[in-house]
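Residue numbers (the working numbering): 1 to 576.
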């Protein structure tokens with residue numbers, strides 16, 4: 001049976017830029033009827049700073065959306081109106097006493113057209129990732145697309161821009177740092193956009209051609225190798241944000257504008273954001289704010305590669321699924337169709353004897369996981385660490401007030417903070433900031449657990465088939481926790497006693513070290529030590545082998561196999 005894959009163009013997607021349009025987003029409306037919207041959006045940072053936005057909004061006429069006849073027109077309207085709505089909610093108060101609380105009701109001048117535009121685009125009424133990034137960029141005056149880009153240098157994204165050649169169309173602060181926050185993701189989208197067509201074409205060829213043909217698997221392996229290189233380049237864009245965007249300024253001055261109405265009861269929005277229409281009716285919306293979790297690109301790549309994200313409990317949606325209503329309708333339909341099709345993982349698992357293909361898949365997943373680790377570092381710098389410093393400053397102020405002393409109001413702007421580039425630093429910062437798991441992203445999720453889970457679920461898909469006690473060693477790699485914990489690995493290794501007797505205990509253990517490698521003693525010494533320790537602790541050796549031995553070393557697969565073979569030869573002595 002021939003498997004039919006979606007046509008990208010039918011969902012408004014580009015073969016060269018993915019979810020970015022081939023055409024630059026409109027910087028202004030083509031119909032002068034909407035000039036008032038353009039003018040207000042251009043002056044938004046100044047109006048926010050002067051606290052004049054509310055008055056200007058209330059003086060607007062209620063404009064019809066009937067003249068928005070094309071997709072680019074609708075996208076322009078969404079960006080302009082969403083920025084104006086969020087600016088009004090969080091900085092629309094005219095009086096000094098209103099400055100510290102949000103405006104809970106949006107007037108018809110913004111509500112009526114915004115709700116109609118969102119309905120036509122199939123989106124929730126909130127400023128989402130599409131409005132912040134996908135449709136919020138333009139080439140700076142005189143800029144030419146000169147970057148080589150592309151998937152290892154082919155023409156896929158050649159001609160896109162460097163960061164300094166781009167500017168954002170909507171802004172709350174008018175700063176270059178805010179620009180960078182929106183535009184670095186645009187660079188990442190442009191770098192990763194070509195991967196959709198590349199991987200889907202290769203997978204379609206592999207599935208629909210003779211599976212025994214080496215050409216099909218070779219093409220797919222090549223596409224995976226090229227995708228791995230693209231993930232590396234995507235990660236290299238992230239640090240471009242550091243010199244432009246101050247973490248303190250982002251957390252305290254910019255990030256609040258992204259909040260939707262969900263979970264904002266303590267901020268003065270008990271009903272969420274209320275949109276008042278021309279006829280006097282109201283719609284209360286409790287939406288999550290804009291979030292990178294709303295990026296269609298990474299959800300699509302997860303679908304194609306076979307990376308599966310689970311919800312926090314049985315039958316519950318994953319955070320990624322919860323983000324889909326905040327995507328453009330056509331993009332959401334594309335993801336839904338993609339998720340029903342076979343994945344590259346499915347194909348690779350059916351062709352595990354093809355070592356080049358397995359190696360290419362492993363390498364691609366490794367780089368995707370690495371990308372997610374880099375993203376954790378970004379979140380740590382701009383959210384977790386500032387939250388920790390803010391919490392510490394608040395605690396210090398409270399203590400000083402209780403003691404009748406003064407405080408200098410330390411903000412932590414220049415504080416080095418913990419080393420949050422690794423797991424331990426991230427967890428420590430989050431715990432100090434707000435009870436660890438309670439720290440929320442603008443997307444409404446428990447931030448640190450969500451990021452770690454999405455990264456770890458990516459890691460868990462490494463295929464690992466070097467072990468066969470009958471067939472010998474296939475690969476000499478280091479064993480990874482995610483592979484050892486998979487039931488099919490044990491079955492492939494034919495160590496049934498370990499699976500049947502101790503797998504539940506093994507699965508309950510965490511990674512042996514920060515890199516996720518299993519730590520074991522090597523060779524016969526390791527086997528004899530394992531048997532001795534197992535007897536002393538009255539546990540099975542299979543359980544003991546996956547405990548962290550404090551004074552041992554990481555060992556390659558060959559030594560792990562030696563241990564397993566020695567244990568298998570003495571299976572009768574392995575249970576406590």
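From the three backbone atoms N, C-alpha and C, an ideal C-beta is built for every residue, glycine too. This one's a predicted model, so the numbers in the text were calculated from it and none came from an experiment.
query, result
"The region 262-269 contacting the region 217-224, beta-carbon criterion three pairs below 8 Å", "no"
"Residue span of the alpha helix (DSSP H) that contains residue 285, given as start and end", "Here residue 285 belongs to no alpha helix (DSSP H); instead the beta strand (DSSP E) covers 282-285."
"Residue 255 versus 85, 124, 389 and 289, residue with shortest Cα-Cα distance", "289"
"Reduced DSSP secondary structure (H/G/I, E/B, other) of residue 389", "helix"
"Between the CA atoms of residue 299 and residue 199 - distance to the nearest angstrom", "14 Å"
"Unbroken alpha helix (DSSP H) run spanning residue 358, endpoints", "355-379"
"Endpoints, beta strand (DSSP E) assigned at residue 276", "273-276"
"Beta bridge counterpart(s) of residue 106 as assigned by DSSP", "275"
"Per DSSP, the bridge partner or partners of residue 167", "138"
"Distance, residue 107 Cα to residue 280 Cα", "10 Å"
"Opposing strand residues paired with residue 14 [DSSP bridges]", "18"
"Cβ-Cβ separation, residue 66 to residue 297 (assumed contact under 8 Å), whole Å", "Not quite, the Cβ-Cβ distance comes to about 32 Å (not below 8 Å), so this is no contact."
"Residue 259 - DSSP class collapsed to helix/strand/coil", "coil"
"Endpoints, the alpha helix (DSSP H) within which residue 208 is located", "194-208"
"Residue 23 - DSSP class collapsed to helix/strand/coil", "coil"
"C-beta atoms of residue 94 and residue 269 nearer than 9 Å", "no"
"Chain-order list of residues whose beta-carbon lies under 6 Å from that of residue 135 (same chain, five-residue window excluded)", "25, 75 and 79"
"7 Å CB neighbourhood of residue 341 in its chain, flanking five on each side removed", "3 and 5"
"Residue of 14, 389, 385 and 9 minimising C-alpha distance to residue 195", "14"
"N- and C-terminal bounds of the alpha helix (DSSP H) containing residue 80", "71-91"
"Extent of the continuous alpha helix (DSSP H) to which residue 36 belongs", "35-42"
"Inter-stretch contact at 8 Å, needing at least 3 Cβ pairs: the region 367-376 / the region 323-335", "no"
"Helix, strand or coil at residue 215 according to DSSP, with G and I counted as helix", "helix"
"Where residue 241 sits in the DSSP three-state scheme", "helix"
"Local Cβ density within 10 Å of residue 178, reported as buried at 16 or more and exposed below that", "buried"
"Backbone secondary structure at residue 234 - three-state DSSP", "helix"
"Which listed residue (182, 226, 60 and 171) has its alpha carbon closest to that of residue 46", "171"
"Simplified DSSP state of residue 250, which is helix, strand or coil", "helix"
"Cβ separation of residue 88 and residue 63, assumed to be a contact under 8 Å, to the nearest whole Å", "Actually they do not touch by this definition, with Cβ atoms about 16 Å apart."
"First and last residue of the uninterrupted alpha helix (DSSP H) at residue 330", "329-338"
"Local Cβ density within 10 Å of residue 125, reported as buried at 16 or more and exposed below that", "buried"
"Delimiting residues of the alpha helix (DSSP H) encompassing residue 326", "Residue 326 -> no alpha helix (DSSP H), and no H or E assigned at all."
"Among 113, 42, 137 and 61, the one whose alpha carbon lies nearest that of residue 23", "137"
"Burial state of residue 236 (16 or more Cβ within 10 Å)", "exposed"
"Distance between beta carbons of residue 165 and residue 139, contact taken as under 8 Å", "6 Å"
"Burial state of residue 112 (16 or more Cβ within 10 Å)", "buried"
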